[in-house]
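From first to last, the protein sequence lines are chains F and L. Numbering-wise (the working numbering), the first sequence opens with residue 30 and increments by one. Numbering-wise (the working numbering), the second sequence opens with residue 4 and increments by one.
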Amino acid sequence: MTYFAKPRLLRPDTPRNSLGYTRRDYEGAISTLCAGCGHDSISAAVVQACFDLEIEPHRVAKLSGIGCSSKTPDYFLGNSHGFNTTHGRMPSVLTGAALANRDLLYLGVSGDGDSASIGIGQFAHAMRRGVNMTYIVENNGVYGLTKGQFSATADKGSKSKRGVVNNDTPIDLVALALQLGASYVARSFSGDKEQLIPLIKGAMRHRGPAFIDVISPCVTFNNHAGSTKSYDYVREHNEAVNRLDVILPRDKINASYPPGSLRRVVQHDGSILNLRKLDQDYDPSDRIGAMNHLQERQALGEIVTGLLFVDSSAEELHRHLNTVEKPLNQLGDAYLCPGSKALEALNASLRRS
Amino acid sequence: MSTNVTKAIRRSNDFVIKFANVNGSGSASANELFARAIINMGVPVAPRNIFPSNIQGMPTWYEMRVSASGWLGRRGGCDLMVAMNPQTWDRDIAELESGGYLVYDSTKTLPRSRFREDITVLGVPLTEICNREYTDPRQRQLFKNIMYVGSLTALLDIEFAVVEKLIAEQYRGKDKLIGANVNALRLGYDYARTHLDCPIGLRVERSDGVGDRIFVNGNDACGLGAVYGGATVAAWYPITPSTSVIEAFSGYCRKFRTDPDNGMARYAVVQAEDELASIGMVIGAAWNGARAFTATSGPGISLMQEFFGLAYFAEVPVVVFDVQRGGPSTGMPTRTQQSDLISCAYASHGDTKHVLLFPEDPYECFTLGAQAFDLADRLQTPVFVLLDLDIGMNDRLCQPFDWDDQRRYDRGKVMSADDLEAGKNFGRYLDVDGDGIPWRTIPGTHPNKGAFFSRGTTRNAYAKYSETGTDYVYNMERLRRKFETAKSLLPAPVLRRASQPSRFGAIYYGSTGPAMDEAYALLKKQGIEIDALRVRAFPFANEIIDFINEHDYIFVVEQNENGQLRMLLINEGEIDPKRLFRVLHYDGTPITAGFISGRIADILAALKVKIPSLVTPALSPNRQQVAS
Ligand SMILES: Cc1ncc(C[n+]2csc(CCOP(=O)(O)OP(=O)(O)O)c2C)c(N)n1
Ligand code: SF4
Ligand SMILES: [Mg+2]
Numbered sequence: 030m031t032y033f034a035k036p037r038l039l040r041p042d043t044p045r046n047s048l049g050y051t052r053r054d055y056e057g058a059i060s061t062l063c064a065g066c067g068h069d070s071i072s073a074a075v076v077q078a079c080f081d082l083e084i085e086p087h088r089v090a091k092l093s094g095i096g097c098s099s100k101t102p103d104y105f106l107g108n109s110h111g112f113n114t115t116h117g118r119m120p121s122v123l124t125g126a127a128l129a130n131r132d133l134l135y136l137g138v139s140g141d142g143d144s145a146s147i148g149i150g151q152f153a154h155a156m157r158r159g160v161n162m163t164y165i166v167e168n169n170g171v172y173g174l175t176k177g178q179f180s181a182t183a184d185k186g187s188k189s190k191r192g193v194v195n196n197d198t199p200i201d202l203v204a205l206a207l208q209l210g211a212s213y214v215a216r217s218f219s220g221d222k223e224q225l226i227p228l229i230k231g232a233m234r235h236r237g238p239a240f241i242d243v244i245s246p247c248v249t250f251n252n253h254a255g256s257t258k259s260y261d262y263v264r265e266h267n268e269a270v271n272r273l274d275v276i277l278p279r280d281k282i283n284a285s286y287p288p289g290s291l292r293r294v295v296q297h298d299g300s301i302l303n304l305r306k307l308d309q310d311y312d313p314s315d316r317i318g319a320m321n322h323l324q325e326r327q328a329l330g331e332i333v334t335g336l337l338f339v340d341s342s343a344e345e346l347h348r349h350l351n352t353v354e355k356p357l358n359q360l361g362d363a364y365l366c367p368g369s370k371a372l373e374a375l376n377a378s379l380r381r382s
Numbered sequence: 004m005s006t007n008v009t010k011a012i013r014r015s016n017d018f019v020i021k022f023a024n025v026n027g028s029g030s031a032s033a034n035e036l037f038a039r040a041i042i043n044m045g046v047p048v049a050p051r052n053i054f055p056s057n058i059q060g061m062p063t064w065y066e067m068r069v070s071a072s073g074w075l076g077r078r079g080g081c082d083l084m085v086a087m088n089p090q091t092w093d094r095d096i097a098e099l100e101s102g103g104y105l106v107y108d109s110t111k112t113l114p115r116s117r118f119r120e121d122i123t124v125l126g127v128p129l130t131e132i133c134n135r136e137y138t139d140p141r142q143r144q145l146f147k148n149i150m151y152v153g154s155l156t157a158l159l160d161i162e163f164a165v166v167e168k169l170i171a172e173q174y175r176g177k178d179k180l181i182g183a184n185v186n187a188l189r190l191g192y193d194y195a196r197t198h199l200d201c202p203i204g205l206r207v208e209r210s211d212g213v214g215d216r217i218f219v220n221g222n223d224a225c226g227l228g229a230v231y232g233g234a235t236v237a238a239w240y241p242i243t244p245s246t247s248v249i250e251a252f253s254g255y256c257r258k259f260r261t262d263p264d265n266g267m268a269r270y271a272v273v274q275a276e277d278e279l280a281s282i283g284m285v286i287g288a289a290w291n292g293a294r295a296f297t298a299t300s301g302p303g304i305s306l307m308q309e310f311f312g313l314a315y316f317a318e319v320p321v322v323v324f325d326v327q328r329g330g331p332s333t334g335m336p337t338r339t340q341q342s343d344l345i346s347c348a349y350a351s352h353g354d355t356k357h358v359l360l361f362p363e364d365p366y367e368c369f370t371l372g373a374q375a376f377d378l379a380d381r382l383q384t385p386v387f388v389l390l391d392l393d394i395g396m397n398d399r400l401c402q403p404f405d406w407d408d409q410r411r412y413d414r415g416k417v418m419s420a421d422d423l424e425a426g427k428n429f430g431r432y433l434d435v436d437g438d439g440i441p442w443r444t445i446p447g448t449h450p451n452k453g454a455f456f457s458r459g460t461t462r463n464a465y466a467k468y469s470e471t472g473t474d475y476v477y478n479m480e481r482l483r484r485k486f487e488t489a490k491s492l493l494p495a496p497v498l499r500r501a502s503q504p505s506r507f508g509a510i511y512y513g514s515t516g517p518a519m520d521e522a523y524a525l526l527k528k529q530g531i532e533i534d535a536l537r538v539r540a541f542p543f544a545n546e547i548i549d550f551i552n553e554h555d556y557i558f559v560v561e562q563n564e565n566g567q568l569r570m571l572l573i574n575e576g577e578i579d580p581k582r583l584f585r586v587l588h589y590d591g592t593p594i595t596a597g598f599i600s601g602r603i604a605d606i607l608a609a610l611k612v613k614i615p616s617l618v619t620p621a622l623s624p625n626r627q628q629v630a631s
């Protein structure tokens with residue numbers, strides 16, 4: 030496989046955001062994934078979300094583990110630095126990057142094998158540490174890149190392409206994220222970009238660990254009858270609790286919502302999450318309620334999607350560490366080195382008196 | 004008791020005292036106070052903690068070598084035993100040199116059979132005095148320790164005022180504590196003066212052998228070196244004997260890196276969930292332009308292997324302090340070894356090679372520790388600072404730390420937004436300067452120039468994914484050039500030439516230094532003149548290979564069983580293995596001069612090498628019999 034650059038021909042009427050960037054400025058290399066792979070739709074959603082949010086591409090750092098899903102950061106945000114790390118260990122590398130420069134937006138992209146199997150420890154600890162990031166798992170229930178073995182999110186009883194039945198209990202990353210203190214938790218479906226794009230936008234404007242589990246069918250190894258991660262199965266069992274509109278501070282609010290149908294969440298940066306209720310009783314500010322709801326519906330075979338939990342007052346890792354406002358990677362020698370005088374005093378204290 | 008020992012050892016400023024204590028009994032600070040008292044008398048000491056992997060209740064020893072000549076290596080043997088642990092009584096008594104001295108708690112009378120005839124026994128009823136003076140059980144325990152320091156002060160003829168002053172400094176501002184401690188000290192002192200023959204044959208006499216040296220441990224110095232080296236991110240997972248590197252870094256950061264205006268931290272320390280995560284965080288931070296490090300020991304190094312390969316191949320500048328301990332596996336966590344050279348030098352799968360630095364003492368822990376960050380940035384690769392428990396966790400007299408205020412951090416080849424704007428050709432893995440070191444950009448530098456995708460997978464010179472053989476080979480050859488460049492940037496070896504041309508050369512590194520210095524003198528006394536070369540870095544400077552080629556016999560002195568430096572020399576220098584003789588010490592205790600000189604003399608004898616000036620050595624009583 031070799032790298033394919035995209036042709037850069039632009040029509041004069043190509044839409045630009047207020048920074049003057051076109052969608053193309055948020056794209057990356059041409060994808061080498063299988064045609065129809067759910068992951069490509071997620072890449073497209075990321076491009077659209079960043080275009081809509083008018084993010085300067087270089088203000089994003091994208092990190093991933095290993096897998097088909099983890100390859101995707103090469104296929105979007107070509108003007109952003111990216112780091113394809115090791116299998117299951119993206120969360121730690123992202124954490125370190127976030128420590129070095131608190132001013133960038135960190136986008137972690139991973140797979141279900143990457144995050145729920147080999148990397149479940151790092152996934153859990155990045156969530157509980159409160160790293161300020163958007164963490165997307167492109168969940169297809171299998172290891173795509175190693176040709177279709179079950180991953181830890183494969184549902185009990187689901188069948189592999191070769192007919193093998195999975196007997197192990199699945200790990201639900203959404204449930205884990207909720208329990209571990211993620212402050213923005215969502216589930217979506219790569220086949221539903223109307224739902225997915227706003228969820229990514231909301232996450233990128235969120236402060237604290239934002240997690241999105243995106244069910245993303247693997248057309249090559251897990252899209253058959255008997256799979257619970259196929260396009261058909263997910264469409265049939267998708268139960269969205271709400272629909273999200275992300276309103277930026279600069280936006281004029283002109284949409285009107287019927288009374289009682291809307292829940293409004295103001296995030297720390299002034300962005301507004303307008304949640305159109307699909308389930309009247311669902312309360313996305315109630316962590317425990319969300320966990321219960323999820324368990325109940327899951328038992329009925331439903332796939333609950335939408336913005337499941339958000340806490341816009343949450344704090345993040347830098348706050349816990351009380352680090353200075355200026356990014357650590359920009360502190361010059363004078364801020365870092367105590368110099369020879371301090372050393373002389375120290376020597377004196379370590380010397381015979 | 005037996006004060007009529009015929010051949011009691013009589014030596015001033017040159018002996019070994021050992022304290023046999025129970026872990027967690029508060030003895031450590033009393034023992035350290037005693038070491039400092041001797042230093043304040045102007046006499047060099049080298050103390051070593053010999054402790055179990057346990058928090059409370061197990062035996063622990065504090066062994067202190069007092070040496071007017073300034074030898075800081077372990078000597079072995081013991082001239083004065085302070086036997087405070089009934090559990091280890093028999094072996095402690097047995098360990099004493101003939102003519103040695105025993106100080107013990109004589110509250111309970113022990114049968115004569117529990118002692119030796121050839122030692123001087125000095126009983127102080129410590130428990131009895133404590134029970135009389137104190138009611139609180141904790142005080143009884145703690146002051147017992149200070150009390151034996153008081154008795155030793157009298158027995159060894161140390162000036163009382165010197166110890167008193169140290170206590171006053173230690174508890175400055177807490178007058179009550181000063182009074183109580185000095186009182187306990189006085190009780191022990193007075194008892195010895197009244198009931199025992201003071202001073203004994205071992206004495207501390209005022210001297211000027213300490214000079215302006217400082218007394219500090221290597222882990223502390225590494226933490227300080229990381230502060231001076233500009234590290235802002237530290238991620239770690241607790242493991243003996245490296246934990247105190249991070250504790251020191253955090254402590255010095257609180258002191259030096261707290262913003263005076265708002266109390267905020269100019270650093271971040273994260274205790275990770277394991278070593279995989281700690282090195283991952285360090286790689287992420289370094290990739291993102293912060294100076295970052297971790298501190299660990301052997302088991303952590305093993306866990307980090309895959310990530311070392313990524314950092315090597317993606318060319319991320321990270322610093323790793325490896326405080327080595329006895330391996331393999333959990334091995335001897337509280338004992339010293341130099342046994343991680345191979346696992347660090349070629350860490351990770353695939354063709355890798357890493358920069359290693361070998362500090363000899365706390366001074367070099369500081370200096371090389373700080374320099375490691377410049378080297379990592381300059382070379383864009385992991386740099387390992389390999390120290391060990393012996394230097395890391397024991398206070399050692401060393402040259403005072405120094406820093407040149409004119410010095411600026413060398414951040415290496417980093418392209419700025421202006422460089423990119425000016426149209427500089429940026430290829431992340433392009434060798435534009437011929438030194439194998441490419442240019443890099445830090446995330447967030449420029450809106451549409453200079454971004455690249457880092458990966459452990461093959462790529463072309465412009466960081467684009469490629470599985471083409473020629474791209475891969477280009478990269479590997481460039482990495483090899485980079486490591487050639489590294490040789491010229493690394494700290495040079497330290498050579499000590501014999502007074503006359505010698506056919507013998509010794510190569511050593513790290514904590515072996517002090518014992519080697521002394522062995523050099525011992526051998527010279529026996530008429531064996533050798534040249535000695537202290538290696539300070541890997542990949543090896545050409546002069547190291549030249550040194551080997553210039554000598555007929557090379558002794559490689561190290562503290563592991565594999566002969567790991569020897570393996571590296573053979574491999575990297577294409578040396579005939581037959582020319583490199585192993586002098587290996589690996590029982591977990593620090594190597595001694597007696598061991599080195601004995602081993603070298605034995606090898607020469609076995610080879611029947613004729614040395615015209617050879618003086619038959621009197622067999623040292625302390626020569627350890629550790630086979631190689
Ligand atoms: C340490 C390690 N073990 C195994 C592999 C092989 N491997 C590559 S990708 C992968 C699974 C990826 O699964 P997932 O994260 O679900 O990604 P997908 O391909 O399904 O998108 C495995 C096991 C590896 N790269 N590294
Ligand atoms: S194997 Fe599956 S996950 Fe991988 S690219 Fe193909 S469809 Fe996507
Ligand atoms: Mg998968």
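Beta carbons are placed, not taken as given, at the ideal position from N, Cα and C, and that holds for glycine.
- A distance criterion of 7 Å places the beta-carbon of L:L188 beyond contact range of ligand 1, judged by its closest non-hydrogen atom.
- Within the segment 83 to 95 of chain F, contact with chain L at the beta-carbon level (separation under 8 Å) is assigned to E85, P86, H87, R88, A90, L92.
- When DSSP reads this structure, F:P41 sits in no beta bridge, so it has no partner.
- By the Cβ criterion, the segment 104 to 117 of chain F is in contact with the segment 55 to 62 of chain F, since at least three pairs of Cβ atoms, one from each stretch, lie closer than 8 Å.
- No Cβ of chain L is located within less than 8 Å of the beta carbon of F:S139.
- Taking a beta-carbon distance threshold of 8 Å, L:T460 counts as an interface residue toward chain F.
- Identification of residues in the segment 114 to 142 of chain F having a C-beta nearer than 9 Å to some C-beta of chain L yields T114, T115, H116, G117, R118, M119, P120, S121, V122, L123, T124, G125, A126, A127, L128, A129, N130, D132, L133, given in sequence order.
- Contacts with chain L at 8 Å (Cβ-Cβ) include F:H154.
- L:A373 is positioned such that its CB atom lies no closer than 8 Å to that of L:G254.
- Interface annotation for the segment 32 to 46 of chain L against chain F: R39, I42, N43, M44, G45, criterion Cβ-Cβ distance under 9 Å.
- C-alpha of L:I599 to C-alpha of L:L382: approximately 36 Å in a straight line.
- Using a Cβ-Cβ cut-off of 8 Å, F:L365 counts as an interface residue toward chain L, since at least one Cβ of chain L sits closer than that to its own.
- Beta-bridge analysis with DSSP links L:M67 to L:I20, L:P50.
- Shown here, L:M267 sits in coil according to DSSP, grouped into three states, outside any helix or strand.
- Taking C-alpha positions only, L:K528 is separated from L:D215 by approximately 29 Å.
- Taking 8 Å as the threshold, the shortest C-beta distance from F:F112 to chain L falls below it.
- Counting only residues of its own chain and dropping the five nearest sequence neighbours on each side, L:D380 has a CB closer than 7 Å to the CB of P320, D413, R414, G415.
- Relative to F:G368, the option among L:V273, L:A271, L:K258 whose CA is nearest is L:K258.
- Judged by DSSP in its simplified three-state form, F:G57 adopts coil rather than helix or strand.
- Restricting attention to L:N134, L:Y465, L:V85, L:A295, the CA atom closest to the CA of L:T123 is found in L:V85.
- Under the DSSP definition of a beta bridge, L:M84 partners with L:K21, L:L105.
- The Cβ-Cβ distance between L:A234 and L:A195 does not fall below 8 Å.
- With a threshold of 7 Å, the Cβ atom of F:V248 counts as near ligand 2, since some heavy atom of the ligand is closer than that.
- By the neighbour-count definition (other C-beta atoms within 10 Å, threshold 16), F:V193 is an exposed residue.
- The DSSP-derived three-state label of L:V236 is strand.
- Identification of residues in the segment 346 to 371 of chain F having a C-beta nearer than 7 Å to some C-beta of chain L yields L350, N351, T352, V353, L357, N358, L360, D362, Y364, L365, C366, P367, G368, S369, A371, given in sequence order.
- For F:D103, a Cβ of chain L is located within less than 8 Å of the residue's own Cβ.
- The contact set of L:A288 on chain F, defined by CB atoms closer than 7 Å, consists of G125, A126, L128, A129 in chain order.
- Residue range 260 to 266 is occupied by the alpha helix (DSSP H) that includes F:D261.
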